[in-house]
Structure formats: structure tokens, C-alpha cells
Ligand code: C5P
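In the UniProt record's numbering, the protein residues as written are 179 to 398.
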């Protein structure tokens, strides 16, 4: 177990996957389980931090001893995260945030009897919360982003990480491979962390808790 080296720090963690409604009973979502974000919240709590967990659809129970803010959509996650980020020492964006949402939400259930054989969905871009936080960069606040990538090649992952770090403007970017059987639902994780300005690379592998501790080490 790590020492209580985050005592007195305020850490915001987003976890899970956002869901964008199509109608009152359907949504567009992703397969994020929330496990890595929860491991981060637990590890930060155990290391003495005051933790706000902004949770979007978790498949596992949220930890005790953290302030839990439950959200569904990207816009809700945005509002809760920006609010919690004020006064935070670190914001860790582990949630899989939907890049697009349906342009309109049907007031009633979409019915095949009315749609016929084809249904076209029009999606619009969601605001990028991480980029928004980075744009209003606050001294003393560390911003950590995630990138879930399906690239199989290690060098390609690293390049994607560097490019995303620069594009988002955060301090560290954690790249993890996801796929049908990797990343999201699994108990273990393998990540490459790229740190500003992009030439510092840290690798971590193990249980999601071990990976969480390696990520939190960046804060101390
Ligand atoms: O661009 P991409 O979706 O790969 O970026 C992933 C990172 O950015 C994650 O940390 C995620 O939480 C964050 N993100 C965000 N707002 C979005 C999309 C992603 O904050 N609309």
C-alpha cells in the first residue's frame, strides 16, 4: 500500500461511460465499465485525498468515502466536472465520454411501424470537456486525460498519445488499448502514460488498482 501522500489534496475523477438518449427508452453508449476510474477514486481516497467521483453509468458499485455525483449524459458530466474542478488539485478524466449525441431526442418511443425498414440517426459533436478544462488552465491543477485506442501496435499507440496530449493540452495522457476483450471490462490494464511536453513516457501494467497508483504517482 502507498503512503498517505495525497493528504489534503482534492482530486476529481470521472468514471464510466456517458449515455446519450435517442428517446425516453433508448440511448447511444459505450462499453466502459467504470472500473479504472473507480480504482483511481479508491486509490486517491486511500492515499488521503478528498475525492469527487463523477460517475456516468458504472457497471460496478461506487466506492464509499468519496463524494459521488451521478450523471448520464455528456452535458451532465460536463456541468458536474467543471463545477467540481474549481478548487481541485487534479482532474482525472477516466470516463469514456460520447463524442457525438443524437441531434434531437424523440419525445416518445421511436416506432418501427412509423420508420419502416430504415432509420437514419443524425449525430452532432459533444463539447470536449478535457480540452475546455485545459483551455482555462489553472496553476497548480494537474489535468490527466485518457485515450482508449484500438491500435494493436505499441509505437502507433505512443504516437496517438503524443498527438492527443498536444491536441488536448492536458499535463498527462494515459493511453490504454481497448477492444472486444481488452481494457473496458477487464480486471487488468496496460497503459502508456505520455507526459508534457510529450517526451516523458511511463508504462504501467497490472490490476486496475496498480495502474491507478502508478497514475496517482504523477501527482506526488
Ligand atoms: O478525443 P478522445 O475522446 O479520445 O479523448 C479522450 C479523453 O478526453 C478522455 O480523458 C475523455 O474523458 C475526454 N473527453 C472529454 N470530452 C469529450 C470527449 C472526451 O473530456 N467530449
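Don't be surprised by glycine CBs; every beta carbon is placed ideally from N, CA and C.
Check	Outcome
Bounding residues of the beta strand (DSSP E) (the contiguous stretch that carries residue 351)	350-355
Any 3 or more C-beta pairs closer than 8 Å across the region 247-254 and the region 216-223	no
Given 8 Å, three or more beta-carbon pairs between the region 331-351 and the region 283-299	no
Residue 299 - DSSP class collapsed to helix/strand/coil	coil
Beta-carbon proximity list for residue 244, same chain, < 6 Å, skipping 5 on both sides	219, 223, 229, 231
Pairwise C-alpha distance: residue 225 and residue 181	6 Å
Cβ-heavy atom distance, residue 304 to ligand 1, below 6 Å	yes
Straight-line gap, residue 242 to residue 196 (C-alpha atoms, nearest Å)	22 Å
Length at least 3, wholly inside the region 274-342: the beta strand (DSSP E) runs in chain order	278-280, 301-303, 320-327
Proximity to residue 326 [Cα-Cα], best of 240, 363, 394	363
Member of 392, 273, 398, 330 whose CA lies at the smallest distance from the CA of residue 324	273
3 or more residues per run - each beta strand (DSSP E) lying fully within the region 192-232	198-201, 204-206
Nearest candidate by alpha-carbon position, reference residue 366, set 352, 373, 382, 376	382
Contact under 7 Å by Cβ, residue 240 with residue 234	no
Residue 208 to residue 214 span [Cα, whole Å]	15 Å
8 Å contact criterion, which residue 349 and residue 394 should meet: CB distance rounded	With 8 Å as the limit, residue 349 and residue 394 do not qualify as a contact, their Cβ atoms being about 13 Å apart.
Contact set for residue 397: own chain, Cβ-Cβ below 8 Å, skip 5 residues either direction	184, 187, 189, 267, 268, 320
Under the three-state DSSP convention, the category residue 242 falls into	coil
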